[in-house]
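All remarks here apply to the structure that follows.
Numbering (this note's numbering), first residue to last: 4 to 184.
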(Lines of atoms letter the chains of each structure in order from A and count residues from 1; the text may use other names and numbers.)
(Lines give C-alpha, C1' and ligand atoms only; values in the text may rest on other atoms or scores of the structure.)
Protein backbone atom coordinates (compact mmCIF):
# COMPACT_ATOMS: atom_id res chain seq x y z
CA UNK A 1 0.00 0.00 0.00
CA UNK A 2 1.38 3.41 -0.94
CA UNK A 3 1.23 6.29 1.53
CA UNK A 4 3.10 8.87 -0.51
CA UNK A 5 2.11 12.46 -1.22
CA UNK A 6 -0.83 12.51 1.17
CA UNK A 7 -2.35 15.91 1.74
CA UNK A 8 -2.86 17.07 5.32
CA UNK A 9 -6.58 16.46 4.80
CA UNK A 10 -5.92 12.88 3.65
CA UNK A 11 -3.64 12.31 6.64
CA UNK A 12 -6.31 13.53 9.03
CA UNK A 13 -9.10 11.51 7.46
CA UNK A 14 -6.92 8.40 7.55
CA UNK A 15 -6.07 9.01 11.19
CA UNK A 16 -9.74 9.41 12.04
CA UNK A 17 -10.90 6.15 10.48
CA UNK A 18 -10.44 4.18 13.72
CA UNK A 19 -12.75 6.69 15.42
CA UNK A 20 -15.35 6.83 12.65
CA UNK A 21 -17.96 4.87 14.60
CA UNK A 22 -17.59 6.54 17.96
CA UNK A 23 -16.55 10.04 16.97
CA UNK A 24 -14.05 11.91 19.09
CA UNK A 25 -13.37 15.32 20.54
CA UNK A 26 -10.44 16.12 18.27
CA UNK A 27 -11.99 19.30 16.89
CA UNK A 28 -11.56 20.91 20.28
CA UNK A 29 -8.37 19.06 21.22
CA UNK A 30 -6.63 18.16 17.95
CA UNK A 31 -3.43 17.26 19.76
CA UNK A 32 -5.21 14.17 21.15
CA UNK A 33 -5.23 12.44 17.81
CA UNK A 34 -1.95 13.72 16.34
CA UNK A 35 -0.34 10.54 17.69
CA UNK A 36 -2.70 8.54 15.48
CA UNK A 37 -1.21 10.34 12.48
CA UNK A 38 2.20 9.03 13.50
CA UNK A 39 0.78 5.52 13.52
CA UNK A 40 -0.14 6.06 9.87
CA UNK A 41 3.61 5.99 9.08
CA UNK A 42 3.61 9.69 8.49
CA UNK A 43 7.02 10.50 9.97
CA UNK A 44 7.91 12.97 7.20
CA UNK A 45 5.08 15.34 8.11
CA UNK A 46 5.48 18.35 10.37
CA UNK A 47 1.80 18.25 11.26
CA UNK A 48 0.93 20.14 14.40
CA UNK A 49 -2.29 20.87 16.29
CA UNK A 50 -2.90 24.19 14.52
CA UNK A 51 -2.42 22.71 11.04
CA UNK A 52 -4.69 19.81 12.00
CA UNK A 53 -7.39 22.18 13.29
CA UNK A 54 -7.34 24.14 10.01
CA UNK A 55 -7.53 20.93 7.98
CA UNK A 56 -10.42 19.67 10.11
CA UNK A 57 -12.30 22.92 9.52
CA UNK A 58 -11.72 22.52 5.78
CA UNK A 59 -12.88 18.89 5.93
CA UNK A 60 -16.12 20.02 7.60
CA UNK A 61 -16.67 22.62 4.87
CA UNK A 62 -16.18 19.97 2.17
CA UNK A 63 -18.60 17.58 3.88
CA UNK A 64 -16.01 14.99 4.93
CA UNK A 65 -16.65 15.56 8.63
CA UNK A 66 -19.71 16.73 10.54
CA UNK A 67 -20.29 18.01 14.02
CA UNK A 68 -22.78 16.08 16.14
CA UNK A 69 -24.01 16.24 19.70
CA UNK A 70 -23.59 13.15 21.87
CA UNK A 71 -26.14 11.82 24.34
CA UNK A 72 -24.20 13.70 27.03
CA UNK A 73 -24.74 16.97 25.10
CA UNK A 74 -21.04 17.11 24.20
CA UNK A 75 -20.03 18.18 20.72
CA UNK A 76 -17.97 15.79 18.68
CA UNK A 77 -16.99 15.28 15.06
CA UNK A 78 -17.79 12.25 12.94
CA UNK A 79 -16.50 11.25 9.58
CA UNK A 80 -19.29 11.31 6.97
CA UNK A 81 -19.98 8.71 4.30
CA UNK A 82 -18.44 11.18 1.83
CA UNK A 83 -15.30 11.31 4.01
CA UNK A 84 -15.13 7.53 4.20
CA UNK A 85 -15.51 7.28 0.45
CA UNK A 86 -12.62 9.71 -0.04
CA UNK A 87 -10.46 7.54 2.18
CA UNK A 88 -11.60 4.33 0.50
CA UNK A 89 -10.72 5.76 -2.88
CA UNK A 90 -7.31 6.75 -1.53
CA UNK A 91 -6.73 3.28 -0.11
CA UNK A 92 -8.30 1.55 -3.10
CA UNK A 93 -6.01 -1.46 -3.13
CA UNK A 94 -6.83 -2.49 0.45
CA UNK A 95 -9.92 -0.76 1.78
CA UNK A 96 -12.17 -1.50 -1.16
CA UNK A 97 -11.74 -5.24 -1.49
CA UNK A 98 -14.81 -6.67 -3.16
CA UNK A 99 -16.38 -9.55 -1.26
CA UNK A 100 -18.23 -10.79 -4.36
CA UNK A 101 -21.59 -9.43 -3.24
CA UNK A 102 -23.70 -6.68 -4.78
CA UNK A 103 -25.64 -4.15 -2.74
CA UNK A 104 -28.79 -2.96 -4.51
CA UNK A 105 -30.92 -0.24 -2.99
CA UNK A 106 -34.50 0.29 -4.17
CA UNK A 107 -36.58 3.28 -3.23
CA UNK A 108 -40.05 4.63 -3.88
CA UNK A 109 -40.21 8.07 -2.32
CA UNK A 110 -43.36 10.10 -3.11
CA UNK A 111 -43.12 13.38 -5.01
CA UNK A 112 -44.17 15.33 -1.90
CA UNK A 113 -40.84 14.19 -0.38
CA UNK A 114 -38.76 15.10 -3.42
CA UNK A 115 -36.08 16.82 -1.32
CA UNK A 116 -35.52 13.59 0.64
CA UNK A 117 -35.34 11.63 -2.62
CA UNK A 118 -32.81 14.08 -4.03
CA UNK A 119 -30.77 13.94 -0.81
CA UNK A 120 -30.75 10.15 -0.95
CA UNK A 121 -29.51 10.16 -4.56
CA UNK A 122 -26.76 12.64 -3.68
CA UNK A 123 -25.62 10.55 -0.72
CA UNK A 124 -25.68 7.36 -2.77
CA UNK A 125 -23.42 9.01 -5.35
CA UNK A 126 -21.07 10.14 -2.57
CA UNK A 127 -20.81 6.53 -1.39
CA UNK A 128 -19.99 5.37 -4.89
CA UNK A 129 -23.32 3.80 -5.81
CA UNK A 130 -24.26 3.81 -9.50
CA UNK A 131 -27.77 4.15 -10.85
CA UNK A 132 -28.91 0.72 -12.03
CA UNK A 133 -32.47 1.72 -12.90
CA UNK A 134 -34.52 4.84 -12.13
CA UNK A 135 -35.05 3.99 -8.45
CA UNK A 136 -32.47 1.23 -8.06
CA UNK A 137 -28.82 1.89 -7.21
CA UNK A 138 -26.00 -0.63 -6.98
CA UNK A 139 -22.59 -0.86 -5.32
CA UNK A 140 -20.18 -3.75 -4.75
CA UNK A 141 -18.88 -2.44 -1.43
CA UNK A 142 -20.41 -2.78 2.03
CA UNK A 143 -21.86 0.53 3.15
CA UNK A 144 -24.68 -1.07 5.14
CA UNK A 145 -23.93 0.97 8.25
CA UNK A 146 -23.78 4.22 6.29
CA UNK A 147 -27.01 3.36 4.45
CA UNK A 148 -28.78 2.69 7.73
CA UNK A 149 -27.68 6.09 9.04
CA UNK A 150 -28.75 7.89 5.84
CA UNK A 151 -32.14 6.15 5.81
CA UNK A 152 -32.67 6.97 9.49
CA UNK A 153 -31.61 10.61 9.15
CA UNK A 154 -33.86 11.16 6.12
CA UNK A 155 -36.72 9.28 7.84
CA UNK A 156 -37.39 7.18 4.74
CA UNK A 157 -37.19 3.67 6.18
CA UNK A 158 -40.67 2.79 4.85
CA UNK A 159 -39.67 3.88 1.35
CA UNK A 160 -36.31 2.12 0.98
CA UNK A 161 -35.21 -1.50 0.72
CA UNK A 162 -31.84 -2.94 -0.04
CA UNK A 163 -30.69 -6.37 -1.08
CA UNK A 164 -27.31 -8.02 -0.77
CA UNK A 165 -26.85 -10.64 -3.49
CA UNK A 166 -24.23 -12.89 -5.01
CA UNK A 167 -24.95 -12.25 -8.68
CA UNK A 168 -26.63 -9.76 -10.97
CA UNK A 169 -27.59 -10.08 -14.62
CA UNK A 170 -25.05 -8.17 -16.69
CA UNK A 171 -22.41 -8.55 -13.99
CA UNK A 172 -19.48 -8.15 -16.40
CA UNK A 173 -20.65 -4.66 -17.35
CA UNK A 174 -21.08 -3.76 -13.67
CA UNK A 175 -17.63 -5.10 -12.79
CA UNK A 176 -16.21 -2.87 -15.50
CA UNK A 177 -18.17 0.13 -14.17
CA UNK A 178 -16.64 -0.35 -10.72
CA UNK A 179 -13.16 -1.33 -11.98
CA UNK A 180 -13.46 -4.83 -10.51
CA UNK A 181 -11.31 -7.50 -12.11
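All residues carry an ideal CB built from backbone N, CA and C; glycine is no exception. Since we're looking at a predicted model, the values are computed, not measured.
- Residue 172 and residue 180 have their C-alpha atoms roughly 14 Å apart.
- A direct Cα-to-Cα measurement between residue 131 and residue 138 gives close to 16 Å.
- The beta-bridge partner set that DSSP reports for residue 130 is empty.
- For the 7 Å CB-CB criterion, residue 106 and residue 167 form a contact.
- For the 7 Å CB-CB criterion, residue 164 and residue 109 form a contact.
- Closest in alpha carbon position to residue 85, among 73, 152, 178, 118, is 152.
- Residue state for residue 77 is assigned as coil, using DSSP reduced to three classes.
- Counting every other CB atom within 10 Å of its CB across the protein chains shown gives residue 147 a total below 16, marking it as exposed.
- Secondary structure of residue 183 (DSSP, three-state): coil.
- DSSP links residue 140 through a beta bridge to 108, 134.
- As computed with DSSP, residue 69 is found in a beta bridge with 81.
- Spatial neighbours of residue 104 in its own chain (CB-CB distance under 8 Å, excluding positions within 5 residues in sequence) are listed in chain order as 143, 145, 167, 168, 169.
- When only Cα atoms are considered, residue 126 and residue 150 end up about 9 Å apart.
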